[in-house]
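**Student:** Sharing a structure with you now.
Numbering (full-length UniProt numbering), first residue to last: 1 to 353.
In structure tokens:
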């Protein structure tokens with residue numbers, strides 16, 4: 001049986017154009033549409049059963065695009081999205097988008113157009129100009145959760161405000177040597193989140209006349225293992241920080257584990273604050289800036305449903321609320337000198353997270 005790629009090659013057009021032509025969507029000339037339809041008939045190309053049965057209507061499916069399945073934030077957003085869509089009779093399918101050009105092309109030319117989603121909800125993804133044009137060309141409602149993307153509706157924290165609040169909490173406790181473990185930026189990931197939180201940390205310190213040395217900032221990639229390595233290096237420096245602001249709770253867990261390995265007491269020797277209020281944060285006694293990713297997912301789902309139902313939805317960024325939750329991991333700056341721990345400090349048994 002012929003495929004959409006065979007039709008595209010036969011006609012000398014892209015698979016996206018073939019899909020639009022066969023679906024009757026705009027932005028395809030009459031001549032091209034007739035050429036594609038004739039080629040599909042001649043080659044015996046038959047769209048998937050779900051697509052052929054819904055050529056003029058809804059597919060009742062929404063694509064959820066994520067860069068990884070390993071993040072707590074993403075799982076909570078997906079739960080929120082599903083809680084709304086399932087009630088409205090919509091299915092969801094998950095697309096894991098790796099940070100490669102081929103994978104991104106596969107998403108936009110195959111996963112979305114061939115699987116026939118009605119809408120797209122992306123978590124932590126920064127679309128390129130070409131990808132935004134592709135979404136507009138197929139008239140697909142889209143929503144971003146976690147950071148803002150120009151020209152696309154989004155919901156997420158004000159990352160500058162939340163980073164400033166975390167840093168000011170530590171400053172208010174008397175800390176002046178405050179380190180930061182931030183998130184990794186890479187092609188295909190949401191760039192603004194980690195950058196905005198880091199900038200807020202630097203700006204809050206600068207407002208108090210403080211400039212952190214380069215080794216007081218490290219990349220934790222939003223995961224426990226790398227954050228633990230980053231914190232261990234930071235805490236072994238002669239002028240180690242007395243407090244760490246981690247850009248997520250998972251990175252804060254890594255900092256807490258590193259402190260325990262190095263024999264540092266929390267919060268007497270080191271204060272740690274994160275962002276999220278992860279399910280494990282209470283067990284770790286972690287002070288954090290709480291957000292509600294489940295509710296962000298619900299809002300994203302309601303937004304794309306409104307647009308699908310013909311309700312005008314402006315292109316804007318909705319700022320999600322956050323609140324400071326103080327637990328045992330932060331405290332006033334102690335009177336003991338903040339010295340680097342010995343290299344042979346006792347290590348604890350690794351804790352599963």
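C-beta: ideal position from N, C-alpha, C; glycine also. Quantities reported herein were computed from a predicted structural model and do not represent experimental measurements.
To which residues does DSSP link residue 217 through a beta bridge?
**Tutor:** Answer by DSSP bridge pairing, in chain order: 180.
**Student:** Can you find the residues in the same chain that come closer than 8 angstroms, C-beta to C-beta, to residue 70, ignoring five residues on each side of it along the sequence?
**Tutor:** Setting aside the 5 residues that flank it on each side, residue 70 is surrounded in the same chain by 223, each with a C-beta closer than 8 angstroms to its C-beta; the list follows chain order.
**Student:** Closest to residue 130 by CA distance: which of 59, 272, 105 is it?
**Tutor:** 105
**Student:** So, with DSSP's three-state summary, where would you put residue 319?
**Tutor:** strand
**Student:** How far does the beta strand (DSSP E) with residue 290 in it extend, from its first residue to its last?
**Tutor:** 287-290
**Student:** When you compare only the Cα positions, how much space is there between residue 270 and residue 82?
**Tutor:** Taking the Cα positions, residue 270 is about 40 angstroms away from residue 82.
**Student:** Note down, in chain order, each residue of its chain lying with its Cβ closer than 6 angstroms to the Cβ of residue 94, except the 5 sequence neighbours on either side.
**Tutor:** 64
**Student:** Helix, strand or coil: how does DSSP classify residue 328 here?
**Tutor:** coil
**Student:** Looking only at C-alpha atoms, which of 313, 141, 256 sits nearest to residue 330?
**Tutor:** Nearest option by C-alpha distance: 256.
**Student:** Report the three-state DSSP secondary structure of residue 153 (helix, strand or coil).
**Tutor:** In the three-state DSSP reduction, residue 153 falls in the strand class (E or B).
**Student:** Just checking my contact of residue 178 with residue 225 at CB under 8 angstroms: how many whole Å lie between their CB atoms?
**Tutor:** Actually they are not in contact, since the Cβ atoms of residue 178 and residue 225 sit about 23 angstroms apart, beyond 8 angstroms.
**Student:** According to DSSP, which residues form a beta bridge with residue 272?
**Tutor:** 244
**Student:** What is the C-beta distance between residue 272 and residue 262, in whole angstroms, given that I count them as a contact (C-beta under 8 angstroms)?
**Tutor:** That pair is no contact at about 13 angstroms.
**Student:** Residue 148 and residue 156 - do their beta-carbons sit closer together than 8 angstroms?
**Tutor:** yes
**Student:** In terms of residue numbering, what span does the beta strand (DSSP E) encompassing residue 28 cover?
**Tutor:** Neither: residue 28 is in no beta strand (DSSP E) and is coded neither H nor E.
**Student:** Distance check for residue 165 and residue 90, CA to CA, integer angstroms please.
**Tutor:** Straight-line spacing of the CA atoms in residue 90 and residue 165 works out to 38 angstroms.
**Student:** To the nearest angstrom, report how far apart residue 42 and residue 141 are at their CA atoms.
**Tutor:** 33 angstroms
**Student:** How many Å lie between residue 327 and residue 17 at the Cα?
**Tutor:** 55 angstroms
**Student:** Just to confirm my understanding: we take residue 381, look at its own chain, exclude 5 residues before and 5 after, and list those with CB closer than 6 angstroms. What are they?
**Tutor:** Lying before the first or after the last residue shown, residue 381 is absent from the chain, which here runs from 1 to 353.
**Student:** Let me know if residue 50 comes out buried or exposed under the rule of 16 or more other beta-carbons within 10 Å of its beta-carbon.
**Tutor:** Here the model assigns residue 50 a pLDDT of 44, short of 50, so the residue's position is not dependable and the matter cannot be decided.
**Student:** What do you get for residue 96, buried or exposed, if any count of 16 or more other CB atoms within 10 angstroms of its CB means buried?
**Tutor:** exposed
**Student:** Please go through the same chain and pick out, in chain order, the residues whose beta-carbon is closer than 6 angstroms to the beta-carbon of residue 135, but skip the five residues on each side of it.
**Tutor:** 142
**Student:** Locate the alpha helix (DSSP H) running through residue 171, then write down its first and last residues.
**Tutor:** 159-172
**Student:** Have a look at residue 171 and residue 128 and give me their C-alpha separation to the nearest angstrom.
**Tutor:** 38 angstroms
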